[in-house]
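Visitor: Below are the structure tokens for one structure; questions will follow.
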Amino acid sequence: MSVETIYKVILYPFINESLASLKAMTNLTGSAGEAFMDNVDDFRFKGYAVCSEVTGNLDGVIMMHHYPETAVSIGNSVCQSMFGEAYEHTEMTDDLRNALAEWGNTIVGRSTDLHRRYSLDYGFSSPYFVEDLSQMDQYLDGVQEVVTVPITIDGVGRYYFNLLVRSVDYQEGGIKREESVAIENSHTKALAKDSRILLVDDSAMIRKALTRFLHVLGYSNVVEADDGTGAVELVKSNPPDFIFMDVVMDKLNGDKALAQIRALGSNVPIVMLSSVTDQLLVNSCKAQGISGFIFKPIQASNGTEIIQRYLKVAD
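In the UniProt record's numbering, the protein residues as written are 1 to 315.
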């Protein structure tokens, strides 16, 4: 299989979404270099990586990874864009790890959604973050080909996309970018300022950002859950007045938690959040009764305005 073929079918959506998300989530500008074949025996990891296993017609791993200094710079920029304040860390911190993971989640979520829409016979696991270089050698087991695409960020440095191919049964297909539009909240009555609002997301960074946006709007009665199971239990024990809930989470996805909450007889307004824009998923959530669907990323520059609109808070 040629480099051009692999790049077009598998890597192109990831590169495209990576550059778009870089601009949206960091205000940085990047450009992609030419794809090339790396020598498997000489291939070395640069540092921090967000990985997703590839299944279906291709068995392998897609990996977005960075030199440590580039990872720190991007992490600082994501945090600054999300929270609206300067971040100047010189080493990796938990905040920066969460920022890189959230950026990677957005890229992988949107890219794999494009693969699904165009019936390309590839599947992708939920992305995971790796920073221990000693663990990374395991991903080279059985690898026959490595396709690499360098991404240059203006004024920062480089990061890389690698497709580590163990085996492949290629079927060619074309990909084009397609935008989707969020569902707006149909409610007309503003949510009272003393309302109890539940935030459900496995990203501590997203929960922190949403809490800040809510505080700006005057909502301080905010509780959190880091997975769908926790959300269901909170609805049982101390029902909230409003819920913002991520779709893709480790233990129980938000669409499944939504179904369980509705099965309990609860009509609590729920706004879903996701980087995945799969219309089937959106329609499934709509059928179960939601008050909106927000497509990530959500930033300091627009976060308060978006939340304000969904809660119907007056200007």
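Every residue, glycine too, gets a C-beta built ideally from N, C-alpha and C.
Source: prediction; values computed, not measured.
1) Based on the DSSP secondary-structure assignment, which residues constitute the bridge partners of arginine 207?
2) Look up glutamine 171 in the DSSP assignment and say whether it is helix, strand or coil.
3) Let's see if you can read the secondary structure: which residues bound the beta strand (DSSP E) around threonine 70?
4) When DSSP builds the beta bridges, which residues end up paired with aspartate 38?
5) Whole angstroms is fine: what's the gap from glutamine 260's alpha carbon to aspartate 201's?
6) Less than 8 Å between the beta carbons of leucine 140 and isoleucine 62, yes or no?
7) According to the Cβ coordinates, are phenylalanine 129 and leucine 100 closer than 8 Å?
8) Whose C-alpha, out of Asp194, Met37, Phe295, is nearest the C-alpha of glutamine 144?
9) Any chance you could list the alpha helix (DSSP H) runs of at least 4 consecutive residues sitting entirely within the UniProt domain "Response regulatory" (196-311), in chain order?
10) Please look up how many angstroms separate the CB atoms of isoleucine 294 and isoleucine 306, rounded, as I've assumed it's under 8 Å.
11) Which one or two residues does DSSP pair with alanine 49 in a beta bridge?
12) Quick check: is the beta carbon of proline 127 nearer than 8 Å to any beta carbon in chain B?
13) Whose C-alpha, out of Ser134, Glu224, Gly157, Ile10, is nearest the C-alpha of tyrosine 122?
14) Could you pull the DSSP bridge partners for threonine 106 from this structure?
15) Which residue's Cα is closest to the Cα of leucine 264: Asn105, Ser18, Val232, Val247?
16) Quick check on this structure: which residue in Ala86, Met82, Gly75 has the alpha carbon closest to the alpha carbon of threonine 93?
17) Any contact between the region 194-212 and the region 222-239? By contact I mean 3 or more CB pairs, one from each, below 8 Å.
18) Is asparagine 16 helix, strand or coil by DSSP?
19) For aspartate 246, which residues from the same chain have a beta carbon less than 8 Å from its beta carbon, with the 5 sequence-adjacent residues on both sides left out?
20) Helix, strand or coil: how does DSSP classify alanine 192 here?
21) Helix, strand or coil: which one does DSSP assign to valine 181?
Guide: Put simply:
1) Here residue 207 refers to the residue found at position 207 when the sequence shown is read from its first residue. In DSSP, arginine 207 forms no bridge with anything.
2) Along the sequence shown, read from residue 1 onward, the residue named residue 171 stands at position 171. Bear in mind that the predicted position of glutamine 171 carries a pLDDT of just 42, short of 50, making it too unreliable to give a figure here.
3) The residue you call residue 70 lines up with position 70 of the sequence shown. That residue, threonine 70, is in no beta strand (DSSP E); its alpha helix (DSSP H) goes 68-83.
4) Within the sequence shown, residue 38 is the residue found at index 38, counting from 1. Note: aspartate 38 sits in a beta bridge opposite Val146.
5) One-based indexing of the sequence shown puts residue 260 at position 260. One-based indexing of the sequence shown puts residue 201 at position 201. In a straight line, the C-alpha of glutamine 260 is about 17 Å away from that of aspartate 201.
6) Against the sequence shown, residue 140 aligns to sequence position 140. Against the sequence shown, residue 62 aligns to sequence position 62. Taking 8 Å as the Cβ cut-off, leucine 140 and isoleucine 62 do not qualify as a contacting pair.
7) Counting from 1 along the sequence shown, the entry for residue 129 is found at position 129. Counting from 1 along the sequence shown, the entry for residue 100 is found at position 100. Going by beta carbons, phenylalanine 129 and leucine 100 fall inside the 8 Å limit.
8) Stepping through the sequence shown from its first residue, residue 144 is reached at position 144. Among Asp194, Met37, Phe295, the Cα nearest to that of glutamine 144 belongs to Met37.
9) 204-216, 228-237, 254-263, 279-287, 303-311
10) Taking the first residue of the sequence shown as 1, we reach residue 294 at position 294. Taking the first residue of the sequence shown as 1, we reach residue 306 at position 306. Yes, they are in contact, since the Cβ atoms of isoleucine 294 and isoleucine 306 sit about 6 Å apart, within 8 Å.
11) Here residue 49 corresponds to residue number 49 of the sequence shown, with the count starting at 1. His65, Val130, per the DSSP bridge assignment.
12) Of the chains in the structure shown, none is chain B; there is only one protein chain.
13) Position 122 of the sequence shown, counted from the first residue, corresponds to residue 122. Comparing C-alpha distances from tyrosine 122 to each of Ser134, Glu224, Gly157, Ile10 shows the shortest one belongs to Ile10.
14) The sequence position of residue 106 within the sequence shown is 106, counting from 1. Answer by DSSP bridge pairing: none, since threonine 106 is not bridged.
15) The residue you call residue 264 lines up with position 264 of the sequence shown. It is Val232.
16) Position 93 of the sequence shown, counted from the start, is the residue given in the question as residue 93. Cα-wise, what sits closest to threonine 93 is Gly75.
17) yes
18) Indexing the sequence shown from 1 puts residue 16 at position 16. Residue state, collapsed to three classes: helix.
19) Residue 246 sits at position 246 when you count from the first residue of the sequence shown. The answer, listed in chain order, is Val200, Asp201, Asp202, Ser203, Ile206, Gly254, Met272, Leu273, Ser274.
20) Numbered from its first residue, the sequence shown carries residue 192 at position 192. Taken through DSSP and simplified to helix, strand or coil, alanine 192 comes out as coil.
21) As a working note, residue 181 is residue 181 in the sequence shown. Residue placement at valine 181 cannot be trusted, given a pLDDT of 41 that sits under 50; what the coordinates show is reported in the next sentence. DSSP places valine 181 in coil when its eight states are reduced to three.
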